[in-house]
Amino acid sequence: MYDLPALDASLAASIYAGKLHYAPVTGSTNTDALAAARSGAPHGSVYFADEQTAGRGRGDHAWLSVAAQGIYVSVLFRLALPVERLPLLPLAAGLAAAEAIRAVSGLAVDLRWPNDLLLDERKTGGILAEAQTENTPGAATLSYAVIGIGINVHQSRFQPGLATPATSLDLESGRYISRQELLVALLESLEREALALLDSAGAATIPSRVEQASTWVRGRRVEVHGPQACVGMTEGLDGNGFLLVRGENGLVRVQTGGIRSA
Amino acid sequence: MKQEDIQDLQQLIEFLKEHGVAEFDLEREDVKVRLKFVQPVAPMVAFTPSIAPVAALPPVSAAASVTSPAPAAVPAPSAEENLHIIKSPIVGTFYGSPSPGAGMFVSPGERVEKGQVVCIVEAMKLMNEIESDAAGEIVKMLVTNGQAVEYGQPLFSVRTA
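Residue numbers (my numbering), protein chains in the order written: chain A, 1 to 262; chain B, 1 to 161.
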């Protein structure tokens, strides 16, 4: 179980101070955070749970969220972020999660573009970002963004037939990893990365940092799923962080979707 | 190409001419349309099949018919109409519904308010809900579900008055 007073104390100097919302069981922390955002919840509000009964991934994918086994957290950001920089936010969240996992467990996460958290080709975490944009012509701005992160921590086995084989931090490290420590580290690194995005120089480093933290985005043969489905060799990221894939029919700039080894 | 598609195309061309749009691309499951207006009143029309065999396409007759006056049954947008275009604020993939299989956010004929969510544009797995920047009646959805859209690309036309 989480020690809620200790969490509050650990984050007292952060943007999250006094804005931690814990539920033993909820449907989806992202759904909770989005509902709160629509009701005017402030920047830095955090929604986390011990168990999700309807954890969500991209599209119609589900995220298994067994009681007390993982971190299921969603953070509401209200940032004055120019919308053209918005695609970098999910990448920055991946970098933040990888850094938190490294700091707490010593494990080196491989980011599978855009932001799956893999350990040795097995999935240990995923990120679902949802946002709303005020569409003023020529000056569109982010109203809010919700970053939802699920990380497998204590699971010792997984059901067969998952889209990507799964693992947990305990399984990979061979020891007990504290969810409490990981949650604090994760929220701290997310705050750091989100604020860095507001600075254009900081934002510009995101694609190259993802390239360094990923074995997937350059020189790897992949199959791309989603609206720009193709098969080819990865050739790095462009300035938006979009994935460049050299296929039979030329270079494809993949804006969204998932990749698998091919 | 079916008669109703040609009528849709005629309406679209009228609309684009009225708003001085120079180029327009549309890609659907079975048809690609590329319009380039070289002169204000003489659109060049090219149909490129993506799936259908070339022999099935009558490009010449279609091109001829789109330059003919619209049949009386088709209500062409009138010059007095105040049509507003909702454009995409970002590069990404357009979705007209909140999730696969769910109902559309908005449909032609429906009224929208300023600030109402009209679609999602997804980039980098970030599902970005786009608000309408005008109030009025949705006239047409100008893109298709799952289509890649560029910055500033027209998404919906809205009759504001």
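Glycine is no exception: its CB is placed at the ideal position from the N, C-alpha and C atoms.
*Please check the pair A123 of chain B and T256 of chain A, which I expect to be a contact at CB under 8 angstroms, by giving their CB distance rounded to whole angstroms.*
6 angstroms
*Taking the alpha-carbon positions, what's the A139 of chain A to E172 of chain A distance?*
For A139 of chain A and E172 of chain A, the distance between alpha carbons rounds to 46 angstroms.
*With 9 angstroms as the threshold, decide whether the Cβ of D110 of chain A is near any Cβ in chain B.*
no
*Who are D110 of chain A's beta bridge partners in DSSP?*
A:L118
_Is it buried or exposed, V158 of chain B, if we count other Cβ atoms within 10 angstroms and call 16 or more buried?_
buried
*Cα-Cα, which of A:A163, A:T167, A:G161 is closest to H154 of chain A?*
A:T167
*Contact list for N318 of chain A against chain B, beta-carbon separation under 9 angstroms*: With chain A running from 1 to 262 in the structure shown, residue 318 of chain A is simply not present.
*Taking buried to mean at least 16 other C-beta atoms within 10 Å of its own C-beta, is P40 of chain B buried or exposed?*
Here the model assigns P40 of chain B a pLDDT of 40, short of 50, so the residue's position is not dependable and the matter cannot be decided.
_CB contact flag (F94 of chain B, V143 of chain B, <9 angstroms)_ = yes
*Listed in chain order, which residues of the region 218-230 of chain A have Cβ atoms closer than 8 angstroms to some Cβ of chain B?*
G226, P227, Q228
_Selection from A:E51, A:A185, A:N115, A:L198 that minimises the alpha carbon distance to V210 of chain A_ = A:N115
*With distances taken from CA atoms, which of A:D238, A:L244, A:G219 is nearest A229 of chain A?*
A:L244
*Taking all protein chains shown into account, decide if P5 of chain A is buried (16 or more other Cβ within 10 angstroms of its Cβ) or exposed.*
Residue burial annotation: P5 of chain A is exposed, with fewer than 16 other C-beta atoms found within 10 angstroms of its C-beta.
*Return the chain-ordered list of same chain residues with a C-beta closer than 6 angstroms to the C-beta of S74 of chain A, the five sequence neighbours on each side being excluded.*
T29, N30, A33, Y47, V146, G148
_Suppose the cutoff is 8 angstroms on Cβ atoms and the five residues either side in sequence are ignored; what does the same chain contact list for G126 of chain A look like?_
G57, W63, N115, D116, L117, I149, G150
*Count the other C-beta atoms from every protein chain shown that fall within 10 angstroms of the C-beta of K19 of chain A, then say buried if there are 16 or more, exposed otherwise.*
buried
*Of the residues A:A36, A:Y16, A:P137, which one's Cα is nearest the Cα of E188 of chain A?*
A:Y16
*Can you name the start and end residues of the beta strand (DSSP E) that S261 of chain A belongs to?*
258-261
_Just to confirm, is the Cβ distance from E121 of chain A to P165 of chain A under 9 angstroms?_
Their beta carbons are under 9 angstroms apart, which means E121 of chain A touches P165 of chain A by this criterion.
*Can you tell me the Cα-Cα spacing of L195 of chain A and G239 of chain A, whole angstroms?*
If you draw a straight line from the Cα of L195 of chain A to the Cα of G239 of chain A, it comes to about 19 angstroms.
*Taking the alpha carbon of L86 of chain A as the point to measure from, which residue in A:Q132, A:G106, A:A108, A:E99 has its own alpha carbon closest?*
Of the listed residues, the one whose Cα sits closest to L86 of chain A is A:Q132.
*Are the C-beta of A148 of chain B and some C-beta of chain A separated by less than 9 angstroms?*
yes
*Give a yes or no on whether 9 angstroms exceeds the smallest Cβ distance from Q132 of chain A to chain B.*
yes
*According to DSSP, is S178 of chain A helix, strand or coil?*
The answer is coil: DSSP assigns S178 of chain A none of H, G, I, E or B.
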